[in-house]
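Top to bottom, those sequences are chains A and B. Here the first sequence is numbered in the working numbering, starting from 1 and rising by one per residue. Here the second sequence is numbered in the working numbering, starting from 1 and rising by one per residue. Written below as structure tokens is the structure these notes are about.
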Amino acid sequence: MSSITLMVALPLLAAFVLPLAARVARPLGWLVGPATLVATIWVGLEAWRALEGPAVTIALGGFLPPLGIVFHVDELALVFALAVPVATLLLWPWDDGEEGVRRQSLTLLLAASCAGLALSGDLFNIYVFYELAAVASYGLATDRRTAAGFAAAFRYLMLSALGSVVALVGVALVYFLTGTLNLAHLATLQDELSNPIGLAAFLFLLIGFGVKAEMFPVNAWVPEVYAAASRRVSALLAGLVSKLAVLVLVRMLLVVFEQPEARVALLVLGTVGVLTGEFAAWRAKDMARMLAWSSIGQLGLVLMAFSISGTAGVAAGLAVALHHLVVKPALFLLAERWGGAIEALKGAGRRSPLGAALFVLFALSLVGIPPLPGFWAKYLLLGGLAGEGTSLYLAGALVVLVATVVEANYLFRTAALLYARPEAGTQPPAANSPLALGTATLLGAVLVAGVVWVVPLGAGIERIAAVAADPVPYVASALALVQGG
Amino acid sequence: MSDPIGQVLFAGAIGLVVIGIGGIVLSRHLFRMVLALVIAEAGANLLLVLAGFRWDAFAPILTQGVAAPGPMVDPVPQAMVLTAIVIGVGVQALALSLVIKVWECYGTLDLAEVRERLEADLAGQAGVPLPGSTERPAGERPLPPATAPAGEVRQ
């Protein structure tokens with residue numbers, strides 16, 4: 001079971017071996033990244049098969065808590081830890097030359113730190129992995145090496161570093177109140193944290209980790225970076241990194257900060273995020289920024305879902321998050337050569353029928369048309385919000401419905417343009433590259449598979465959510481580790 | 001933390017964080033934003049050290065054969081702060097390298113100008129018209145400017 005640490009260690013090692021291997025022999029360097037990711041996926045699958053009971057805690061290097069750092073493995077952590085190498089492999093930068101080596105190295109670094117975020121059971125360790133992911137993403141954000149890329153990356157770095165400082169203050173407050181940063185230990189000390197200072201600590205952590213989760217007040221970087229960086233990087237940041245940041249917040253909410261005020265904070269910030277994101281996407285004139293703003297709206301939906309208490313909330317959040325993890329990277333890939341003005345897309349569907357058909361499929365699922373998986377995700381979300389019953393949650397449900405209408409409006413407007421007759425004398429943009437189209441087709445197949453196997457998928461999400469929503473197995477696995485020696 | 005020095009240190013740490021964040025939000029110069037970030041990080045690190053500090057305790061160093069003379073300071077936050085300082089320096093170096101790149105590309109470090117150029121670049125890249133500025137009112141000034149001073153040609 002301790003082989004699970006390889007999910008972090010392998011990509012981290014490969015990130016630094018890759019430039020050397022590329023110097024020795026170019027094909028060797030080209031092979032290192034994908035081979036590492038495939039090995040990582042295999043390690044993850046083996047760990048899932050070997051997982052006994054609801055959750056397992058692993059002491060790194062044999063050092064037991066309270067001094068050692070632990071990895072916490074349950075199905076929720078494994079789903080996201082496995083999603084990391086799969087998504088990075090799908091969005092792998094196959095570029096050649098110096099530039100390619102740099103991008104591949106940074107992508108591996110991002111994969112290692114994201115897997116660490118999913119698995120770590122220690123608050124400071126999470127902070128370190130978060131910083132590692134942040135540094136890798138600053139490098140990736142400048143991958144086009146344009147002036148706009150550098151300026152956008154600088155503004156991203158400033159906001160993200162600001163968030164890190166705020167998160168560090170939150171970590172310091174938690175340590176001041178409890179004297180530990182182990183999440184399982186913190187779960188047993190919840191009484192120490194259920195006071196205004198504890199709530200302040202949660203809010204600091206929320207704002208700090210919320211930067212990567214594209215949460216409302218700290219998401220100004222999103223449209224700039226996604227428009228300036230290459231579409232692959234946008235897909236990786238919007239699809240993957242944001243979900244891992246959300247996972248960290250959710251762990252903290254479920255295990256450590258069981259306070260109604262904390263849930264309300266998440267609900268309010270998520271709701272504002274949905275409103276601002278969807279309306280800004282409606283106003284956007286170019287595809288890249290429309291997708292960026294829509295991503296903010298979708299992440300707002302995820303945060304709203306996780307603010308619902310109990311298993312229903314985790315199940316809804318997991319469904320919305322996984323759906324977005326499949327759909328948004330695919331849309332960014334389709335925008336590879338359609339990234340410019342939306343108006344200029346007139347007739348693009350005639351030059352690329354497959355691309356246009358996929359765009360319509362993903363748009364339909366994002367809006368939530370049955371029987372596509374997006375419908376079930378939104379169904380769970382609305383059911384959960386309505387089930388809470390208080391006026392604030394009902395207002396949230398209303399906002400989701402309004403946002404869906406807005407979303408449908410701008411996505412279908414774009415889809416209609418794809419099939420419109422091109423104006424005389426203008427040439428619609430070229431079809432996307434075969435690699436981007438192929439990857440998007442694969443993701444489309446995943447989406448359709450989600451329609452076919454919706455029943456087992458729903459049962460699996462329910463099972464994962466039931467374990468994750470309950471802090472008891474989390475604490476029990478850590479206790480078993482300490483007492484078992 | 002009842003002793004006055006501790007209170008002053010806590011207030012100082014929080015003050016440094018507030019000054020730093022205020023500096024990042026309010027500065028109009030990219031280099032000053034980086035400096036403000038340094039201040040904010042120093043404040044957060046100080047807060048973390050204070051979280052585990054005791055005035056009546058000894059440095060947490062154990063020597064073989066020598067018993068600890070009394071209670072010791074919690075070493076965990078100090079180890080964490082060392083990590084945080086290293087991360088902070090790395091991020092600051094990256095921030096400075098990006099500042100240099102922005103200066104090379106745009107020739108200015110004024111935040112408003114950089115943002116304007118960035119917006120123009122992104123709009124040009126996408127082929128869409130530049131959105132109206134949020135900092136200046138749309139349209140012309142309602143009243144004509146006062147008469148130009150003598151000797152200057154009005155355009």
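Glycine residues also receive a C-beta, built at the ideal position from the N, C-alpha and C atoms.
> If you count every other CB in all the chains shown that lies within 10 Å of the CB of A:Val164, and 16 or more means buried, which is it?
Replying inline: Position 164 of the first sequence, counting from 1, holds the residue named residue 164 of chain A. Looking at the sequence shown, residue 164 of chain A is not Val but Ser. A:Ser164 is buried by the Cβ-count criterion.
> Which bits of chain A does B:Thr108 rub up against, with CB to CB less than 7 Å?
Replying inline: Along the second sequence, one-based indexing puts residue 108 of chain B at 108. Here the premise fails: no neighbours, minimum Cβ distance about 10 Å.
> Where does the unbroken beta strand (DSSP E) through A:Phe71 begin, and where does it stop?
Replying inline: Numbered from 1 along the first sequence, position 71 holds the residue referred to as residue 71 of chain A. Taken as a continuous stretch (DSSP letters only), the beta strand (DSSP E) holding A:Phe71 covers 70-74.
> Between A:Ala319 and A:Tyr226, is the Cβ-Cβ spacing less than 7 Å?
Replying inline: Taking the first sequence and counting its residues from 1, one reaches residue 319 of chain A at position 319. Taking the first sequence and counting its residues from 1, one reaches residue 226 of chain A at position 226. Contact flag unset, no.
> Does B:Leu118 come within less than 7 Å of chain A when only Cβ atoms are used?
Replying inline: If you number the second sequence from 1, residue 118 of chain B lands on position 118. Judged by the 7 Å Cβ criterion, B:Leu118 is in contact with chain A.
> Going straight from the alpha carbon of A:Gly277 to that of A:Thr180, what length do you get?
Replying inline: Position 277 of the first sequence holds residue 277 of chain A. Position 180 of the first sequence holds residue 180 of chain A. Annotation: A:Gly277 to A:Thr180 spans about 37 Å, alpha carbon to alpha carbon.
>> Considering only their Cβ atoms, is the gap separating A:Trp293 from A:Ala305 smaller than 7 Å?
In response: Within the first sequence, the letter at position 305 stands for residue 305 of chain A. Within the first sequence, the letter at position 293 stands for residue 293 of chain A. No, these two residues do not count as a Cβ contact at 7 Å.
> In the DSSP assignment, what are the bridge partners of A:Val56?
Replying inline: Walking along the first sequence from the start, residue 56 of chain A turns up at place 56. Paired residues: A:Val73.
>> Can you check whether the C-beta of B:Ile5 is within less than 7 Å of a C-beta belonging to chain A?
In response: Here residue 5 of chain B is taken as the residue at index 5 of the second sequence, counted from 1. So, not an interface residue.
> Under 7 Å Cβ-Cβ, which residues of chain B neighbour A:Gly340?
Replying inline: Residue mapping note: residue 340 of chain A aligns to position 340 of the first sequence, counting from 1. Chain B residues near A:Gly340: Ala126, Gly127.
> Who does A:Asp122 pair with in a DSSP beta bridge?
Replying inline: The sequence position of residue 122 of chain A within the first sequence is 122, counting from 1. Answer is A:Asn182.
>> Just to make sure I have the definition right: I need the residues of chain B whose C-beta is within less than 9 Å of the C-beta of A:Val135. Which are they?
In response: Along the first sequence, one-based indexing puts residue 135 of chain A at 135. Under the 9 Å cutoff, chain B gives Ile87, Gly90, Val91, Leu94.
> In this structure, does DSSP put A:Ala21 in helix, strand or coil?
Replying inline: The residue labelled residue 21 of chain A in the question sits at position 21 within the first sequence. DSSP places A:Ala21 in helix when its eight states are reduced to three.
> Could you give the uninterrupted runs of the alpha helix (DSSP H) lying entirely in the stretch 104-165 of chain A, keeping only those of 4 residues or more?
Replying inline: Listed in chain order, the complete alpha helix (DSSP H) runs (minimum 4 residues) inside the stretch 104-165 of chain A are 123-141.
>> Considering only the alpha carbon of each residue, which of A:Ser234, A:Val405, A:Tyr156, A:Arg413 lies closest to A:Ile342?
In response: Start at 1 with the first residue of the first sequence, and residue 342 of chain A comes out as number 342. Cα-wise, what sits closest to A:Ile342 is A:Arg413.
>> Is the beta carbon of A:Leu334 closer than 7 Å to that of A:Ala465?
In response: Walking along the first sequence from the start, residue 465 of chain A turns up at place 465. Walking along the first sequence from the start, residue 334 of chain A turns up at place 334. The Cβ atoms of A:Ala465 and A:Leu334 do not sit closer than 7 Å to each other.
>> Out of A:Ser295, A:Tyr379, A:Gly210, which one is the CA nearest neighbour of A:Tyr130?
In response: Numbered from its first residue, the first sequence carries residue 130 of chain A at position 130. For the options A:Ser295, A:Tyr379, A:Gly210, the alpha carbon positioned closest to that of A:Tyr130 is the one of A:Gly210.
> Which residues in chain B sit within 9 Å of A:Met290, going by Cβ to Cβ distance?
Replying inline: Counting from one through the first sequence, the residue named residue 290 of chain A turns up at place 290. Within chain B, no residue comes near A:Met290; the closest Cβ sits about 10 Å away, beyond 9 Å.
> So what does DSSP say about A:Asp191, is it helix, strand or coil?
Replying inline: Counting from 1 along the first sequence, the entry for residue 191 of chain A is found at position 191. Helix, per DSSP.
> My guess is that A:Pro93 and A:Leu37 are in contact by the Cβ rule of under 8 Å, so how many angstroms apart are they, rounded?
Replying inline: Reading the first sequence from its first residue, position 93 is the one you call residue 93 of chain A. Reading the first sequence from its first residue, position 37 is the one you call residue 37 of chain A. About 12 Å; that fails the 8 Å criterion.
>> Buried or exposed, going by whether 16 or more other CB atoms sit within 10 Å of the CB of A:Gly368?
In response: For the purposes of this step, residue 368 of chain A is identified with residue 368 of the first sequence, where counting begins at 1. Buried: at least 16 other Cβ atoms inside 10 Å.
> Buried or exposed: which applies to B:Trp55, given that a residue is buried once 16 or more other Cβ atoms fall within 10 Å of its Cβ?
Replying inline: Position 55 of the second sequence, counted from the start, is the residue given in the question as residue 55 of chain B. B:Trp55 comes out exposed.
> Among residues of its own chain, excluding the 5 on either side of A:Ala265, which ones have a beta-carbon nearer than 7 Å to its beta-carbon?
Replying inline: The residue given as residue 265 of chain A occupies position 265 in the first sequence. These residues qualify, in order along the chain: Leu203, Leu206.
> Run through DSSP, which three-state label would B:Asp121 get?
Replying inline: As a first step, residue 121 of chain B is located in the second sequence; it is residue number 121 there, counting from the start. Reduced to three states, the DSSP call for B:Asp121 is helix.
> Does the pairing of the stretch 250-268 of chain A with the stretch 139-157 of chain A give three or more beta-carbon distances under 8 Å?
Replying inline: The answer is no - the stretch 139-157 of chain A does not touch the stretch 250-268 of chain A, with fewer than three Cβ pairs under 8 Å.
> In whole angstroms, what is the alpha-carbon distance linking A:Ile4 and A:Ser352?
Replying inline: Within the first sequence, residue 4 of chain A is the residue found at index 4, counting from 1. Within the first sequence, residue 352 of chain A is the residue found at index 352, counting from 1. For A:Ile4 and A:Ser352, the distance between alpha carbons rounds to 42 Å.
> Which of helix, strand or coil does DSSP assign to A:Met215?
Replying inline: In the first sequence, the residue the question calls residue 215 of chain A occupies position 215. Coil, per DSSP.
> Considering only C-alpha positions, which residue in the set A:Val241, A:Gly100, A:Asp122 is nearest to A:Arg251?
Replying inline: Counted from its first residue, the first sequence places residue 251 of chain A at position 251. Nearest C-alpha to A:Arg251: A:Asp122.
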